[in-house]
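Below: one structure, written as structure tokens.
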Amino acid sequence: MNLTLVVVGLSLHILIWEKLPDWGNWFNWLVERLPKPLRYLYDSWRCPYCFGFWVALLLHGLTGEYTLESLRDMPAYLDVITMPVAWLLDSLATALLIMLGSLTIKALAGPAIKGHEMTQAFRNAKTKE
């Protein structure tokens, strides 16, 4: 299993939907000025699975990489549809892994943030004494 597409896709998802909107107004300004169909896609693709599928297809085209290496050698009897079927199946698997990665990061972030806040509160209380 090659996790290159998963890591790149998850990184792009975090960057586009979790980081860029908070890094000043320029990104939000840009999104507001997108044509309506593109704005709709930006709003709809917050789902890591949906985004993961489309970004996996794009990354397949750009890199030729597969998450599931066995799909690179599809049966010859499929003829012309061999590559589209392989890309579709691999993109579905990649999207699932991107979604699981996103959920894992969010699950770990909650307790980590809470722990950091409790540590800061403890330090602040200690310095005030």
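Numbering-wise (the working numbering), the sequence shown opens with residue 3 and increments by one. A virtual CB, placed ideally from N, CA and C, is assigned to each residue, including glycine.
- request: With hydrogens ignored, establish whether the beta-carbon of Trp56 is closer than 7 Å to any heavy atom of the ligand HEM.
  value: Among the ligands in the structure shown, none appear at all, so the ligand HEM cannot be discussed.
query: Unbroken alpha helix (DSSP H) runs of length 4 or more, entirely within the segment 24-64: which are they?
result: 28-34 and 38-46
Backbone CA spacing between Gly54 and Asn27 [nearest angstrom]: Position 52 of the sequence shown holds residue 54. Position 25 of the sequence shown holds residue 27. If I take the Cα positions, the gap works out to 26 Å.
message: Among Leu60, Ile100 and Pro23, whose alpha-carbon lies nearest the alpha-carbon of Asp45?
response: Locating residue 45 in the sequence shown gives position 43, where the first residue counts as 1. Considering only alpha carbons, the answer is Pro23.
task: Report yes if the CB atom of Met3 is closer than 8 Å to the CB atom of Tyr51, and no otherwise.
output: Within the sequence shown, residue 3 is the residue found at index 1, counting from 1. Within the sequence shown, residue 51 is the residue found at index 49, counting from 1. Cβ distance not < 8 Å, so Met3 and Tyr51 don't count as in contact.
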